[in-house]
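Residue numbers (the numbering used here): 16 to 130. We treat Cβ as the ideally placed atom computed from N, Cα and C, and that holds for glycine. Structure, as structure tokens:
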Amino acid sequence: MTRLHGTALRLTIFIGESDRWHHKPLFTEIVHRAHKAGLAGATVIRGYEGFGASSLIHTSRLLSLSEDLPIVVIIVDAEPRIRDFLPELDELVTEGLVVLDEVEVLRYTGREETR
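The following block contains the structure:
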């Protein structure tokens with residue numbers, strides 16, 4: 016299990032729900048590559064409403080259902096591990112926003128695995 020405590024980097028990737036990588040959701044590919052890279056963890060959050068560089072508002076409201084709602088992928092790990100992962104995103108994210116910010120990890124624990 017990866018140990019994480021103190022200063023770390025948060026990698027946040029803003030993409031659209033309809034973004035694809037070889038016919039599957041882009042967010043799925045990002046999460047699987049982060050897992051393969053041994054990063055501490057990744058979370059995908061689906062937004063209700065938002066807009067980006069295109070200035071088009073995407074919303075989940077009933078009268079204007081969108082098939083391209085905002086998706087946010089958040090990954091937190093030690094700075095060298097996050098920076099080593101960035102070339103993966105150069106290949107995957109052709110539209111969207113990728114940001115890094117320094118965070119302080121206070122607690123990182125997981126469930127005990129049962130075998």
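Requested in this report: Compute the distance between the beta-carbons of Ala23 and Glu94, then report whether it is under 9 Å.
Outcome: One thing to note: Ala23 has its Cβ within 9 Å of the Cβ of Glu94.
Query - Cβ-Cβ distance between Val88 and Phe42 below 9 Å - result: Yes, they are a contact pair.
Query - Asp13, DSSP secondary structure in three states - result: For residue 13 there is no data in the structure shown, the boundaries of the chain being 16 and 130.
Query raised in the report: Taking the Cβ atom as the reference point for each residue, do Ile30 and Thr58 lie within a distance shorter than 9 Å?
Result: Going by C-beta atoms, Ile30 is not nearer than 9 Å to Thr58.
Query raised in the report: Nearest to Lys51 by alpha carbon, out of Phe66, Arg96, Leu84, Asp34?
Result: It is Arg96.
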